Amino acid sequence: MTPPPSPYERALGASVAELHPRLRAYFSAVPTGSIGRGSGVFDVVGTPRLWTWPVLAVLGRAGVVFPTWERDVSFTVENRATVDGAVIARRAFDLCGGERIMVDRVSMTPIGLVDELGTGGSGGVVRAAFRAEVVDGALVLHSIRVGIRLGRLRVELPRSCAPRVTLIERFDDADERQHVSVTIDLPVIGRLYEYSGSFEYAVHSETEGEK
């Protein structure tokens, strides 16, 4: 049975055909009973702005971002589809202080492509809506709304002070690897957090290995 379109396919519509073929496969729906697995190295993770680390430490306990500034960080990623058509990603960062896990859930909603980051009984701790586009075969996401969860209450941050999240995901034919860059910037202050690097990825059967 053909799985329903992934959130990324729904967000991009006809533009999905403009993605690099390897990215079209990556952002398509993960078949039922399968899992997408990747491994690679982030060139940089975190931020050198030490004054942000206390806040990042709180978010780190929920698996959102981490109080660190490191280079050449090994990582793995696992992507799974849910019954309601969302995609859940689990990224494991091999940081100096030990393995740290970042979890997010991507879905298509009436306000667009939404990524909920972090763990919690009432959904993600941070919720961001994105505008999706294809640029030179790469997927580019720009945040248009960012909110946080305070207990059971969700608060959308005013655009004037909300962080701006940008993701660029591309495939490089020269090294046969997928490259990803995520940056978080705050108006006036500038870069708050980032991670970027490259990895290899394939879809496997959860019980039988690679398809």
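Counting the sequence shown from 1 gives a position; the working numbering is that position plus 332. Glycine residues also receive a C-beta, built at the ideal position from the N, C-alpha and C atoms. Being a predicted model, the structure only gives us computed values, none of them experimental.
What's the gap between the Cα of residue 531 and the Cα of residue 508?
-> Here the question's residue 531 lines up with position 199 in the sequence shown. Here the question's residue 508 lines up with position 176 in the sequence shown. Going by the C-alpha atoms only, they are around 9 Å apart.
Mind checking who residue 461 pairs with in its DSSP beta bridge?
-> What you label residue 461 is simply residue 129 of the sequence shown in a count that begins at 1. DSSP output for residue 461 lists 446, 477 as bridge partner(s).
Short check: CB of residue 424 to CB of residue 407, under 8 Å?
-> Here residue 424 corresponds to residue number 92 of the sequence shown, with the count starting at 1. Here residue 407 corresponds to residue number 75 of the sequence shown, with the count starting at 1. Their beta carbons are under 8 Å apart, which means residue 424 touches residue 407 by this criterion.
Buried or exposed: where does residue 538 fall if 16 or more other Cβ atoms within 10 Å of its Cβ makes it buried?
-> The residue given as residue 538 occupies position 206 in the sequence shown. Around the beta carbon of residue 538, fewer than 16 other beta carbons lie within 10 angstroms, which makes this residue exposed.
Quick check: the stretch 439 to 450 against the stretch 385 to 400, are there 3 or more CB pairs under 8 Å?
-> Two segments are said to touch when three or more pairs of C-beta atoms, one from each, lie closer than 8 Å; by this definition the stretch 439 to 450 touches the stretch 385 to 400.
Buried or exposed for residue 335, please, with buried defined as at least 16 other CB atoms from any protein chain shown within 10 angstroms of its CB.
-> Within the sequence shown, the letter at position 3 stands for residue 335. With fewer than 16 other CB atoms across the displayed protein chains lying within 10 angstroms of its CB, residue 335 is exposed.
Tell me whether residue 413 sits in a helix, a strand or coil according to DSSP, three-state version.
-> As a working mapping, residue 413 is identified with position 81 in the sequence shown. DSSP places residue 413 in strand when its eight states are reduced to three.
Nonlocal neighbours in the same chain, by C-beta distance under 7 Å from residue 401, ignoring five residues either side = Locating residue 401 in the sequence shown gives position 69, counting from the first residue. Taken in chain order, the residues that qualify are 378, 379, 380.
In or out: residue 501 buried (at least 16 other Cβ within 10 Å) or exposed?
-> Counting from one through the sequence shown, the residue named residue 501 turns up at place 169. Its Cβ being crowded by 16 or more others within 10 Å, residue 501 is buried.
Taking buried to mean at least 16 other C-beta atoms within 10 Å of its own C-beta, is residue 366 buried or exposed?
-> Position 34 of the sequence shown, counted from the first residue, corresponds to residue 366. By the 10 Å Cβ count, residue 366 comes out buried.
Spatial distance of residue 364 from residue 536 (CA atoms) | Position 32 of the sequence shown holds residue 364. Position 204 of the sequence shown holds residue 536. So the two alpha carbons sit approximately 11 Å from each other.
Nearest candidate by alpha-carbon position, reference residue 442, set 462, 428, 456, 434 | For this step, residue 442 is matched to residue 110 along the sequence shown. For residue 442, the nearest C-alpha among the options comes from 462.
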